[in-house]
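Asker:
Residue numbers (the numbering used here), protein chains in the order written: chain L, 105 to 443; chain S, 105 to 443; chain Y, 105 to 443; chain V, 105 to 443; chain G, 105 to 443; chain B, 105 to 443.
1. Got a sec: which bits of the stretch 170-200 of chain Y sit with their beta carbon under 8 Å from any beta carbon on chain V, in order along the chain?
2. Between residue 386 (chain B) and residue 326 (chain B), how many whole angstroms is the CB-CB distance? I'm expecting something under 8 Å.
3. Where residue 371 (chain G) and residue 252 (chain V) are concerned, what is the direct C-alpha to C-alpha distance, given to the nearest angstrom?
4. Per DSSP, which residues does residue 259 (chain G) bridge with? Please list them.
5. So, with DSSP's three-state summary, where would you put residue 404 (chain G)?
6. Express the C-alpha separation of residue 300 (chain Y) and residue 309 (chain Y) in angstroms, rounding to a whole number.
7. Quick check on residue 107 (chain S): does DSSP put it in helix, strand or coil?
8. Does any residue of chain V bring its CB to less than 8 Å from the CB of residue 350 (chain B)?
9. Residue 277 (chain G) and residue 254 (chain G) look like a contact to me (Cβ under 8 Å); what is the Cβ gap, rounded to whole Å?
10. What does residue 75 (chain S) touch in chain L if you count any residue whose Cβ is under 7 Å from its own?
11. Pick helix, strand or coil for residue 127 (chain Y), following the three-state DSSP scheme.
12. Quick one: which residues of the stretch 132-161 of chain L get their C-beta closer than 8 Å to a C-beta of chain G? List them in chain order.
13. Can you tell me the Cβ-Cβ gap for residue 166 (chain S) and residue 138 (chain S), rounded? I've got them flagged as a contact below 8 Å.
14. In the DSSP assignment, find the unbroken alpha helix (DSSP H) run with residue 336 (chain S) in it and report its ends.
15. Compare the C-beta of residue 420 (chain Y) against all C-beta atoms of chain B and say whether one is closer than 8 Å.
16. Would the beta-carbon of residue 208 (chain G) fall within 8 Å of that of residue 275 (chain G)?
17. Taking only beta-carbon positions, decide if residue 123 (chain S) is within less than 8 Å of chain Y.
18. In the DSSP output, what is residue 411 (chain G) paired with across the bridge?
19. So that I know if they touch, is there some Cβ in chain S lying closer than 8 Å to that of residue 442 (chain Y)?
20. With residue 404 (chain G) and residue 369 (chain G) assumed to form a contact (beta carbons below 8 Å), what rounded beta-carbon distance in angstroms separates them?
21. Alpha carbon to alpha carbon, what distance is there between residue 381 (chain Y) and residue 189 (chain Y)?
22. Taking the straight line between their C-alpha atoms, what separation do you get for residue 407 (chain Y) and residue 426 (chain Y)?
23. Could you pull the DSSP bridge partners for residue 296 (chain Y) from this structure?
24. Is the shortest distance between the beta-carbon of residue 288 (chain V) and the beta-carbons of chain S less than 8 Å?
25. Go through its chain and collect everything with a Cβ distance to residue 160 (chain L)'s Cβ below 7 Å, but skip five positions before and after it.
26. Hey, would you say residue 131 (chain Y) sits closer than 8 Å to residue 141 (chain B), going by beta carbons?
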């Protein structure tokens, strides 16, 4: 089995049942998730041995967080324990014309206050094949940014392939702050995965690209992808795009630029049971597909189908099997019961 | 803060979870609501000080009903206590081709058996700006009709602006009975809000208006609105319309006739989490918008967006904020998560 | 009241709440159902006295199964008790592009291991009007096939009309095995109900019929229906068809061939709350309609509307009333709340 | 099988989950029950064919009520449909030093407004062995009292044995009113079952009996039982007694006076999951035991054990089997899991 | 109505359903509470107009917190909005030999980071009768301690009576730190309420008092109470004591020292549905009883019965009525259903 | 870390919520458990590296079973996949005088039909310290007995210490069958753990030992323990005893015989949230304590406290920490909240 390491913050998410609003609920569903943990779970489901690196408080909620990863087979040996708290957020599902909303309470978390000496990257990367991180981690705190830098450098030293999901979060830092920090970190990364608007942090949009509603059009996005690839010397740039029509449905597609040029995925209809972690499901699919030796088009199709399926799964983790993804890729249209 | 008073009956609603039918459920979600209470809650959410007037039994269920209003900031000082029972109903959500259904058990309620001396309208209207009532209250009983009449007269004496939602209920009285009672009461009202078919109680449809499926077309409804306005000397006539395509989706729009003529709202797609209280959400939006000083078109848009959003909120009360309504009014199409 | 008997296996179905996957749930909704029991419940709801014949273990779960039938008025006097277990299955609702799936655990059930002497068909058919069975029962085991054969023979001797739902299950036997067994049993049946692909077991498709995605087209299905009718000398052949577009929606229509030729139903939109038992709801509607004396077109429309409504009802049983079915048949488009 | 008929009002009970108070709950468990229906269910569980007579509204909630009886095998053929509503009540479980409480909303029910012509007692009692009624029914309304009288008279004419549970409800009538009405009805009854304080309605307490805290002591109750027996010429007088120590535990015992004198039951510890219907469970046990031919002591023990077990069963109905009751009667102290 | 003001931090509490452990739950019940808010709710339930002062973040969870107070009639006009977060904690109910446990996550809350200028005490105390605070608030942060000091000083200036619940929390500060801070604040307080071990912070235990298992015996506690009274010149010192025998049951009693000497309450059995807020319920009962004019013994009995009842109520708030408390005070032993 | 291997069958347990009976529930809580898996989880919680060996079907329910073990850190590498089904059972919690009951449906499971070649014991025992099995496994089937024998022999060859929990199940085999099979297997075991009546399978009770109600008294059990030790040359014989007084409470104690003679534990009160897996919790505690190097008395106390705590934990697994066990061992009586 190929081996993947991911690094990030694990969050405890509180979700009201059904379509209840935060302001009316008296109970919460509680699940753990986080962009990079979600990638690790996806990869494990597709047969990749995966490890997740983070720091969690040394109390029962911290242990429950670890158990939630162990349950899905993710290696938790490198997780540091200590610090004050686990970051949390409240998630309200949307419905129809009412968008989903998030109230964050993630400051002062164990991971945000972790320091580089909490992790021994040489031990972690020994014998591993791939390292994945995202733009959320350096946004947590200066020490988290230092941890990221130590990680990507060590990965390169160990000959481990590195991928990044740009994953820009406007609540955490500005485009400028993100651009400055990410530039340094991306230099140590081989594969860049991004949604169609996260790349704005680098100011790489061409002067003549129309940006309707503040978002670049995907077809004009080719030049952006090309500039991304050129600027950071990425081997691959994968772009995923979600257009939500209501809180419950939308469209989903993706594009890949590699040494052979551009590859395009199908536009897929999505029905949204859970809107969180779908980009991470794409990343997990993409990385796994590459580690499994799929060719470029099949990688893109696999990642895109995995991301599409995630929209139908409650929680952060994409609990579908490799067969489920292949089944959607091959699907000729019937959604009849699988007996 | 401007001050609103509404009058009506509060009902305890029993709803099976999810899509279960009344005949199969073993549990009920229990919430309180009522056309005019819903208006009071909406207004309070938009920054209007609102009061609700009714009569409730002096036991724990009656107190729970009051608490449900206090929770949302509605003034309950003028609520009378006593009588036998709170009206109830059983509500079954529909699905697809199966329409929602209601089984009422509201007779003999404290409010239906209340008498005019239960309420001191001079005290109630002291310093208030607006009074809202609906056609459900005079339909409850002859004494409830007397209470309504005392209320609208007192409102006029105190210089309080009066709005009515025609809100015709075919289970409670006939078109003729309603028309007769409402004619007297509407004379003391300044603003008329109605759905597209409730106005039938007055027999004001022009001879030449086609009525497909027993319902007047909205575009032909202009002459009806005009006749309504002329007959009762209303300042404003607002008409809302819902066309349900399945139990879960439909279309929603509205129109306003005032001294400046006709104003038209956008047709909005609706996805239906809860079909109850959407007209009341429109009324609450309309009254609030006027009290907040919005112009005619903005009033209509605000009310219509508020009504549209209510369809996505479980329960009778429209638990959205003024920002949520403005956000939908300004919405350029994306329903992405609000982080 | 006309009297119906159905025979089959009752299963205990475990369903995770909402859209949870089997692999993530910690609770199950538990309901009893089975193709032929579902038919008996439907018929009882439409005013037919119905009886269900099966064998169930003599413990509390077996008794709970019986109670679930008694609750809906189905006669349980002929149910044998004994054997090892009740068959079960795990059902995962689908969502969007993720199809529903079933994990069966039904082997070694009391019914699969029942023997002909468990049932006294002479007593059972005394004074009854109709007997319904399906292709699932002979697939259970050789002894279950023997029971079926004894039943249809006894039915014919008692002048009881016999209907069969072909109901082919690929997990239980092959097309060839099914074809061989069903041929013998169909000879004792008067009415054949089938979905558009179950008829493949008899190899009756014309050489020139295109079979896209392995399924015959309904319009080309006329010749198959005709061959079915001719081969087994059926009085009536009814064909129902569901095309699922996503796990939550699709299209539904049906066709009837009788002595007067072909009758066609409307294509109905379906929204899927529960995908199980919809064909059984069609059968229950068809049989009831005939016992109530409806003409061919009305039978077809009634059965089709009943099947359409079942998609909106949680559980196996179609808990709608005869009025609900008539209401959908007459429906002029509005899905407003039935107050 | 011996055949039992019971008559009374069926109520819909709303119970908050767990120990929640009425004033804080947002959901209710909904079950149907009623003193005499509970007796019918108990008897059916012990192998007696039982029928329940009442009147219920002709809507889905009324049908659900009937289904809840059919589920347990109770005959519902004699139930009249019509009238306005089903009586309801809200039940709050107690805990520790907080007693359980009930808020009734049962007036104007279909049964309270039923009239004698709703029931054909000659048809009902044809071939039956036993008729059971309770003091709740004549308390409902004058017409309900008339129905009771018609029933007991018809029972006597058909040679059906009659039992009464005095079941005095202080919210419904006074001791005096109850005494006057019950005297007439008891003359047509053979067996009297009562709790230790309900007999107060007849003013039969001896002058010298100490009544601590308003309740006669059971040992001094002998003379009351004797006077009851003598006054109404009852064959049997059974007295049950519950002493609640906290809302969750207490003591339970019973006594029987028949032609052979007094019989005494064991004092049993009770732990209270559900406090409703325990007296009815005693009645159901007593009647069944007599119909099954048990001797006096065994009747008393069976009834007492049945009543004891009911305290552990959620809902009104005593869902235990005859084996469960025998097992408690024989119990030598271990409460280990029955594997 | 007399008027009470309380000051403190409101917390969001997450509780797993039933007896589930924190480490195994996937859902949480979410309620708001806090020592001083609990007192305000209790007082409002007994007819005292009460106000709660705190600071809460300006998002939906903060608004939900306010609504939870409004629901119970507590005045929220003086609550400041802003800051980063609401403090939270995870509460695991105990069972048998497994004690309940709490995992706190309350640092950096809006209230802990509030500053004196957030509150206008002159406006707040205008026309009020009583001010209650507890030892938790000065433990939050130095600025919270400043707020406390400003509040007690202003209260004294406005002639408002001041009570303190010592409420020592070992996780938040040491005995020494608490003693130092509380000494200053207690000088401005008139009434001291304490559990039997919180008074340790002042080191007032007599040299010769035996302290079994680290806790002073209540009978020996008299001299401590006397020293407390003398040291701070309190008018009254009330001491409550809970002895938990298992996680679900225990004993509860209390004592009062005032100018007339010692008063003793009854020892009450407690069954524990919810262990949180019981001391606050005692405080709320005590303050209300004094404001209602009860004499010393009746004050003590009322407070003690209120605290006893709280153990049976889920959540932080004591949702019992004044009648419920009087009923327990008068209780002659029966816990039968209140019909 | 020391390493433990356990072998057995994993079962899927269906439990109705709260105190509902099997016959009335419509939902089930679903958890996985099994005597030997429970031991593995306990050991892992106390810091022992543990592995579980079984066979599970290759579908989603089988994978969910594995995930439930991984969640708690148990090694699942040696679990075979395949076969027909996972064994299940329905568990009804008791209450008061109503004992808990189990309905099994475990025949034909993958583990019952597993064969010795499914497991490579040389690989499994490489580097391990302890092997634990129980009397349930050889009761499953002849092949399961063969697997057991292969396992204990291989363990001895690898110098792995072997413990057995006699765990007699009367539904699976007779005393005679069990005695015959277990005699052979016990010869390869070093440590025997048994409840006070399971040892009956060997017929070792002295002629003069009184067996009240079919159970030997613990104090007279000394000679049985001694005979057990002598017959099979066990190093240690640990005996645990539970006396259930009601379905919710009882007493719990234990005894140990080793080379130094008899050691006695304290009698502990138990309150029963979940009665399943408590003996397994004792075994897991005992084995862990020995692997952690505790002396005889501390081993016994640790195991006994662990077993006592399990009674308070929902589900099969004993989700308490080593600190929780030590805390109960040290407990001086207070069950106050751990803040």
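Heads up, the beta-carbon is just placed ideally off N, CA and C, and yes, glycines get one too.
Answerer: Once the coordinates are examined:
1. 171, 172, 174, 175, 176 and 177
2. Residue 386 (chain B) sits at position 282 when you count from the first residue of the sixth chain. Residue 326 (chain B) sits at position 222 when you count from the first residue of the sixth chain. Wrong, their Cβ atoms sit about 19 Å apart, outside the cutoff.
3. Working through the fifth chain from its first residue, we reach residue 371 (chain G) at position 267. Working through the fourth chain from its first residue, we reach residue 252 (chain V) at position 148. Near 49 Å, if we compare the C-alpha coordinates of residue 252 (chain V) and residue 371 (chain G).
4. As a working mapping, residue 259 (chain G) is identified with position 155 in the fifth chain. DSSP output for residue 259 (chain G) lists no bridge partner at all.
5. For the purposes of this step, residue 404 (chain G) is identified with residue 300 of the fifth chain, where counting begins at 1. Helix.
6. Position 205 of the third chain, counted from the start, is the residue given in the question as residue 309 (chain Y). Position 196 of the third chain, counted from the start, is the residue given in the question as residue 300 (chain Y). Between residue 309 (chain Y) and residue 300 (chain Y), the C-alpha separation is close to 11 Å.
7. Locating residue 107 (chain S) in the second chain gives position 3, counting from the first residue. Strand at residue 107 (chain S).
8. Indexing the sixth chain from 1 puts residue 350 (chain B) at position 246. It does; some Cβ of chain V falls within 8 Å.
9. Locating residue 277 (chain G) in the fifth chain gives position 173, where the first residue counts as 1. Locating residue 254 (chain G) in the fifth chain gives position 150, where the first residue counts as 1. Not quite, the Cβ-Cβ distance comes to about 20 Å (not below 8 Å), so this is no contact.
10. Since the displayed chain S opens at 105 and closes at 443, residue 75 (chain S) lies outside it and no answer follows.
11. If you number the third chain from 1, residue 127 (chain Y) lands on position 23. Residue state, collapsed to three classes: coil.
12. 132, 133, 134 and 135
13. Counting from one through the second chain, the residue named residue 166 (chain S) turns up at place 62. Counting from one through the second chain, the residue named residue 138 (chain S) turns up at place 34. The pair is not a contact, with the Cβ atoms about 14 Å apart (cut-off 8 Å).
14. By one-based count along the second chain, residue 336 (chain S) stands at place 232. Residues 325-336.
15. Position 316 of the third chain, counting from 1, holds the residue named residue 420 (chain Y). Not closer than 8 Å to any Cβ of chain B, the Cβ of residue 420 (chain Y) fails to qualify, so no.
16. The residue you call residue 208 (chain G) lines up with position 104 of the fifth chain. The residue you call residue 275 (chain G) lines up with position 171 of the fifth chain. Yes, Cβ-Cβ distance for residue 208 (chain G) and residue 275 (chain G) is below 8 Å.
17. Mapped onto the second chain, residue 123 (chain S) falls at position 19. Chain Y, which has a Cβ nearer than 8 Å to the Cβ of residue 123 (chain S), makes this yes.
18. Taking the first residue of the fifth chain as position 1, residue 411 (chain G) is located at position 307. BP columns for residue 411 (chain G) are empty, so no partner.
19. Locating residue 442 (chain Y) in the third chain gives position 338, where the first residue counts as 1. It does: the Cβ of residue 442 (chain Y) has a partner Cβ on chain S nearer than 8 Å.
20. The count along the fifth chain starts at 1 and reaches residue 404 (chain G) at position 300. The count along the fifth chain starts at 1 and reaches residue 369 (chain G) at position 265. That belief holds up - the Cβ atoms of residue 404 (chain G) and residue 369 (chain G) are roughly 5 Å apart, short of 8 Å.
21. For the purposes of this step, residue 189 (chain Y) is taken as residue 85 along the third chain, with counting starting at 1. For the purposes of this step, residue 381 (chain Y) is taken as residue 277 along the third chain, with counting starting at 1. Cα-Cα distance, rounded: 22 Å.
22. Here residue 407 (chain Y) corresponds to residue number 303 of the third chain, with the count starting at 1. Here residue 426 (chain Y) corresponds to residue number 322 of the third chain, with the count starting at 1. Rounded to whole angstroms, residue 407 (chain Y) to residue 426 (chain Y) spans 11 Å at the Cα level.
23. Along the third chain, one-based indexing puts residue 296 (chain Y) at 192. Beta-bridge pairing links residue 296 (chain Y) to Y:268 and Y:341.
24. Mapped onto the fourth chain, residue 288 (chain V) falls at position 184. False, the Cβ-Cβ gap to chain S never drops below 8 Å.
25. For the purposes of this step, residue 160 (chain L) is identified with residue 56 of the first chain, where counting begins at 1. 114, 166, 169, 170, 183, 185, 190 and 214, listed in sequence order.
26. Within the third chain, numbered from 1, the residue matching residue 131 (chain Y) stands at position 27. Within the sixth chain, numbered from 1, the residue matching residue 141 (chain B) stands at position 37. Taking 8 Å as the Cβ cut-off, residue 131 (chain Y) and residue 141 (chain B) do not qualify as a contacting pair.
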